[in-house]
Structures are given as C-alpha cells and as structure tokens.
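Novice: The listed protein sequences correspond, in order, to chains A and B.
The first sequence begins at 798 in the numbering used here and counts up by one.
The second sequence begins at 12 in the numbering used here and counts up by one.
Even for Gly, the Cβ is constructed at its ideal location relative to N, Cα and C.
Once you've had a glance at the structure underneath, I'll fire off some questions.
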Amino acid sequence: MTSHGDATRLRLVSARRRLGTFLAQIDILRDASFPHEDGRAALDAIRSYFERQRFDLDLPPDSDPAIVDRVCHRLSDRISHYTVVLGFILRSTNVRNAFEVHYVLKRLIERVFDSQTRLLVSSEWAFVPFTYPMNLKLLPNFVFIGSPAPEAGNPLLISLAGHEIGHSAWRIGASATSYAPLVAKAIQEELASNQRSREILADYQPLKGLDRSRLENRCAEPALEQLEEVYCDLYGLHLFGSAFLYAFDYLLGPGSTNRSPSYPSDAQRIGFMTAAAGDLGIDVDPVLVERWQPAAASAREEQALFDIVDAAVASVVPRMRADLKAHFEDRGVQPPREQVTEAVRTAFATGRPYPERAELGEIVTAGWRRLFEMAVPDDEAERIEAERVLGDLVLKTIEVAEYQDRITAYQARKTDA
Amino acid sequence: MVIEAEATLERLSKSEIGDLALDAAVQLQRAKSGGDLDATPLHELAAALRHSAGDDEGFASVSQMWPGYLDPFERLYRSANSAEPKSFKQLRDFIGTAISEIDAVGGGRPLDGGIASRLMDFCLQLNLELGRRQWLETRSDESRRRDPIEAGLR
C-alpha cells in the first residue's frame, strides 16, 4: 500500500469490521437470561447507537486523512468504553447480585428523578462502588451502579448506591451549569484573600491579566469536580440517612491520607455530611466522625492548590445543601423516619422481617443499628451466621416493600378500571 | 430552583464537545467534497463552545470561561497562530470568531475562501485537545485514569 487512499481504505474497512464484531457481540448478549428488562433495554439502546456509527464511516474517498484517522480512532474509543459497559450488563445477570433490591431501588430513583428510569446493579471487581454517568443521548434515563463483589452478600451497603445515583442526578439536573458561576466566584475570592497559597501557585510572580485567568480557571475545574462529589454524598445522605454514613465509614474509614484534586479528603466529606445531617435531623453516632485521618499533598504547590480549592468548595456547599433539601421536599422524599426505623429494628431483633411498607433508607438504617447492638460471638462461624441471618431479614423486608407496592398498584388499576 | 435548570443548559463533557467538533469536521469534509452538509453538529458545537467560553449571562461576569477550558482553548490558539495569546480578550475573540464562522456555515454561508479547511483544522484540533485524557495519581494503591465514562465513591 503506497497511497493515502489505500491507507484510508484499510482504516475504514478495519473500522467497519470492528463495528461489526461489536454489534454481533451485543446480539449474543441479548440472548442471555435477564432478571428484568432493563439489561436488554440497555443493550438495545447501545446497539441502536452503534448501528448509527456506520454512517460516520461513509466518508468521501478524497477525505482529509486526519479526519479519517480521527473518526476511526473515535470509534475504537467508543467500542473500548462500551465493551466495558457490555461486561457490566452481562455481570448484572449474575446470581451473586441481590435482585431483591432492584424493584424498590428503581422506584425510589424514579421518585427523585421524576421520570421513568432504567436501573442496572452489578456486583463488580472494584473496592468501591461506582457508576457510569452515561452520555445522556446514548442511554437516557439509565442508572448503572457497580457494587464491590466481595460485599455482594452485604445488603447494608445498598445505601452507598445513593452516591452513585447522585452522579446521575447531577447530570440530569444540569447542576454543573448552575454551580459553576458560584464556584468560579468563590475561587476568585479565595485567591484574592489567601496570599500565601496564591503566591506559591503563581510562583511568586505578580498575578494579572491572562496569568490570573489561567490560575482561576485551573483552580475552578477541580473545585467543580469536588463539589459534584459532595453533592453525591449529600444525595446519599438524603436518601438513606445514617445508613449512608455507616456504610461510608465501613468501607472508607479511617479515610485516606492521600488526596486527589477531584475529591475532597475523606475527612472533609465526613464533615460536610455531619453538618448536613444535623440540618436534616439525622442522628450521627459520634463514633463515626472520630479519628478520620486528614489528608495532605506531598508537594507544596499541590497543597496550595488544595487550600484554595477546598476553601472555595466549602463556601459553596451551604447553598447546595439548601437546594438539595428543597429538591427532596419538592418530591416528597424525606430522610428515614425515626419511628419506622425503630419499628423495623425491633422486628429484626425478634428475628422477623418487618411486615409493613418501609422505605429503603429505613430498612437499611435499622439493619445497621441491629448489627451494632448484636452481641459479637467469640466463634467466627457463629458471627458470620448471625450476620447472614440479619442480611436475610433486610432483604426479606425489602421484598415486603416490593410486594406492598405491587398490591397497591394493582388495586389502583382495578379501581380505575 | 437551582437544581431544575433548563434542558438547554445541560452541560456536555469535554469529550462530548470534542465529539461534536469531529462531527462538525466530518460534515465540513462532506460538503467540501460536494455532498450535503448536515448543519446540526455545527450549530450544536457553536452552542457548546459559546457556553464553554463563558458566554452565558451570570457566568461571564464572574469568571469569563468555563472551568478547565482555558488551557485547551489556549493550546488551540497557539496551534492556529503559532504564538501565545497576549490577553484574555484575544483568546476569547479567537474562540468567538470560530463560533461565528461555524454558525455562519451551518446557516448556509458558502464554503469558499478556504473557510472549510480552516474550520476543519479548528474542529480537528479542538477534538484532539478536548479528547486528551488525564492520568490521575491518587497516591493510593492504584493510579486511576480520569475517564469521562466512570465516576465513583472514591
């Protein structure tokens, strides 16, 4: 092959082959057995999207080679990303997953998003839960939640799904657009007032003109990312109450001493949640907030960046807390009710599921409380068995909630008819 | 209500805007080769760039540009002009001119005088700049790639 034309043809033919094998793989997966239709719906949406990618490859023969190469590379990138998603969808059918949770969790998400939602939950090989905040054009109304596989048998960690749901909520609500001006203003103010950090970041040069804009813009990006993470934590707190804090502490306590610019430190996150919990009337066990390790950067410049960004984020969080509170009140979703939570806990203590409709947050919070009050047997096998029984009670109570909802919906349809 | 922002203000990610840039380049190529031009990606790109350049009321007055966009826009400027921008206004005018031209072509302006090639170069470079991934060392046990597809508890 000696010409750009030959290379273009080769690239495009290879791209079409890759696309073809990817689509064929989706067709194979569609034949799997799905516990609910959301998995197959996700496959159909992905297939439809990638089918349209064929048109991208219909480029004129005299096309600029740079365009051909970028289009082929983009397709490879997309196939790479969504191959991971296909794996997630397949693993969501694994019996390791707690299918009992799906119906009730999905109904909860629909109440807060105020729209039809598709939900996939999968037991995944990652230590921390994660989500794919999807391209909303590709998979609108889909929420994907990956939970740690080693904890697949622990329904008390369902509450961490609240954080992942928050990521979808952040995008659906276009929250970045709303909060970016506040973040930008906070960064400007912090750079103006924190001379020490400003001088380090500016390498002790006078800060003016484009240099000032560069530094402000550079600080604003991680600040907005951190704010999203705080938003998601508060989302989990609203949905699951102290169950979210218990699960957060279980998985991440005592917090990392390392920092990423995109996240507040674990200790800061606990602080934000504790403040919000007070506002919402959620009890916080003091032991949860003790001994969270502070995190610091190893380089002076990085620490200066953290100082500016952290302070800016902290100044915007109160406004975000108020907005979230109003958002949930608007949707009639309240934090777990103490009376119901206690009633569920009492049922667990007698070795029975709770027989009435309780919210997911109330059920899981009750589970945590029961776990803490249970005597810990000396025998490890006995401890494991006692916690397994508690886990079963939690799942059975969630199934009762599903049953109650389905009966209510059925009776409503009968009445309408 | 802050949370109930209008759908028109939905924030596209960097990679999504980069994708739009490539879509626009493809349409320009098709038109340059004598085919039909689908103006939709051009108009969507222009809208996204306007938003990213801080052109919205309430935002422009505070910070002038969407967080994290100044660096890629500056690289775009350097690539097009072989020089550093001397001021923020110069950078913003550069982006503004590109936005106007993209909108004009999308609105039916003829592709003469080299405008197709110029805009294709701009769109391809924009696609490249916004598609750059950042490897993020968390200093925990793993290096984590900041991938636009995934977000997590940590």
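#1: Assign A:Tyr1207 to one of two classes, buried (16 or more other C-beta atoms within 10 Å of its C-beta) or exposed (fewer than that).
#2: I believe A:Gly1033 touches A:Gly963 by the beta-carbon criterion, under 8 Å. Please report the beta-carbon distance rounded to the nearest angstrom.
#3: Exposed or buried, what is B:Asp152 when buried is set at 16 or more other beta-carbons lying within 10 Å of its beta-carbon?
#4: Locate the alpha helix (DSSP H) running through A:Gly836, then write down its first and last residues.
#5: For B:Glu68 and A:Glu907, I'd like the C-alpha separation in whole angstroms.
#6: Taking only runs of the alpha helix (DSSP H) that begin and end inside the region 870 to 931 of chain A, which ones reach a length of at least 4 residues, in chain order?
#7: Using CA coordinates, which residue listed in A:Val1113, A:Leu957, A:Trp1165, A:Gly1050 is at the minimum distance from A:Ala981?
#8: Tell me, please, whether the CB atom of A:Ile942 is closer than 7 Å to any CB atom in chain B?
#9: My assumption, with CB atoms under 8 Å, is that A:Met1117 sits in contact with A:Tyr1001. Please give the rounded CB distance.
#10: Just to confirm the assignment: which complete alpha helix (DSSP H) runs, minimum length 4, are found wholly within the region 1042 to 1094 of chain A?
#11: For B:Ala94, name the three-state secondary structure that DSSP assigns.
#12: Just list the alpha helix (DSSP H) runs in the region 1130 to 1199 of chain A, keeping only unbroken ones of 4 residues or longer that don't cross its boundaries, in chain order.
#13: With C-beta atoms as the reference, is B:Ala35 less than 7 Å away from B:Leu53?
#14: I'd like to know whether the C-beta atoms of B:Ala83 and B:Leu141 end up nearer to each other than 7 Å.
#15: With A:Phe941 as the anchor, note down where its alpha helix (DSSP H) starts and where it stops.
#16: To the nearest angstrom, report how far apart A:Gln992 and A:Gly950 are at their CA atoms.
#17: Give the C-beta separation of A:Pro1051 and A:Gln1090 to the nearest angstrom, bearing in mind that I take them to be a contact with Cβ-Cβ under 8 Å.
#18: For the region 987 to 1011 of chain A, which residues have a beta carbon sitting closer than 8 Å to at least one beta carbon of chain B?
#19: In the structure shown, what three-state DSSP assignment does A:Gly1038 receive?
#20: Chain B partners of A:Ser860, CB-CB under 8 Å?
#21: Could one say the Cβ of A:Ile864 lies closer than 7 Å to chain B's Cβ atoms, at least one of them?
#22: Relative to the C-alpha of A:Ala1119, which residue among A:Tyr1028, A:Ala1092, A:Ala1183, A:Gln1201 is closest?
#23: In chain order, what are the residue ranges of uninterrupted alpha helix (DSSP H) at least 4 long that sit wholly in the region 1004 to 1039 of chain A?
#24: Are A:Ser919 and A:Gly943 closer than 7 Å when you measure CB to CB?
#25: Considering only DSSP beta bridges, list what B:Ala162 is partnered with.
#26: Around the Cβ of B:Gly29, are there at least 16 other Cβ atoms within 10 angstroms (buried) or fewer (exposed)?
#27: Look at the alpha carbon of A:Ile1204 and the alpha carbon of A:Thr1194, and state the distance between them as a whole number of angstroms.
#28: Would you say the region 857 to 876 of chain A touches the region 1155 to 1167 of chain A, given that touching needs at least three Cβ pairs under 8 Å?
#29: Candidates A:Phe1069, A:Ala1109, A:Ser830: which alpha carbon is nearest A:Leu988's?
#30: With DSSP collapsed to three states, give me the class of B:Trp146.
#31: Does the beta-carbon distance from B:Leu102 to B:Tyr88 come in below 7 Å?
#32: Quick one: is A:Glu1087 buried, meaning 16 or more other Cβ sit within 10 Å of its Cβ, or exposed?
#33: Would you decide whether A:Thr974 is buried or exposed? Buried here means 16 or more other CB atoms lie within 10 Å of its CB.
#34: Using a Cβ cut-off of 7 Å, pull out every chain A residue sitting near B:Ser98, in sequence order please.
#35: Thinking A:Arg915 and A:Asn891 are a contact (beta carbons under 8 Å), I'd like their distance in whole angstroms, please.
#36: Comparing the C-beta of B:Arg89 with each C-beta of chain A, is any distance below 7 Å?
Specialist: Concretely, from the data shown:
#1: Classification for A:Tyr1207: exposed.
#2: Confirmed, Cβ separation roughly 6 Å.
#3: Its pLDDT being 27, under 50, B:Asp152 is placed unreliably in this model, and the coordinates cannot settle the point.
#4: 835 to 853
#5: Only weak support is given to the placement of B:Glu68: the predicted model assigns it a pLDDT of 49, under 50, and the question is left unresolved by the model.
#6: The qualifying runs are 899 to 910.
#7: A:Val1113
#8: no
#9: Not confirmed; about 34 Å, so no contact.
#10: 1063 to 1077, 1083 to 1086
#11: coil
#12: 1135 to 1146, 1157 to 1170
#13: Cβ distance < 7 Å, so B:Ala35 and B:Leu53 count as in contact.
#14: A small correction: the amino acid at residue 83 of chain B is Pro; Ala does not occupy that position in the sequence shown. Result yes, Cβ atoms of B:Pro83 and B:Leu141 sit closer than 7 Å.
#15: A:Phe941 -> not in any alpha helix (DSSP H); beta strand (DSSP E) instead, spanning 939 to 945.
#16: Straight through space, the alpha carbons of A:Gly950 and A:Gln992 are spaced by roughly 51 Å.
#17: 5 Å
#18: Gly1006, Leu1007, Ser1010, Arg1011
#19: Looking at A:Gly1038 - three-state DSSP - the assignment turns out to be coil, as it is neither helix nor strand.
#20: The CB of A:Ser860 comes closer than 8 Å to the CB of Gln40, Ser44 in chain B, given here in chain order.
#21: yes
#22: Answer by Cα proximity: A:Tyr1028.
#23: Listed in chain order, they are 1006 to 1037.
#24: yes
#25: A:Thr928
#26: buried
#27: Approximately 15 Å between the Cα atoms of the pair.
#28: Segments in contact, no.
#29: Comparing alpha-carbon positions, the option among A:Phe1069, A:Ala1109, A:Ser830 lying closest to A:Leu988 turns out to be A:Ala1109.
#30: With a pLDDT of only 37 at B:Trp146, under the threshold of 50, the placement of this residue in the model should not be trusted; the figure read from the coordinates follows. Three-state DSSP puts B:Trp146 in a strand.
#31: Yes.
#32: exposed
#33: buried
#34: Gly1006, Leu1007
#35: With a Cβ gap of about 18 Å, A:Arg915 and A:Asn891 do not count as contacting.
#36: no
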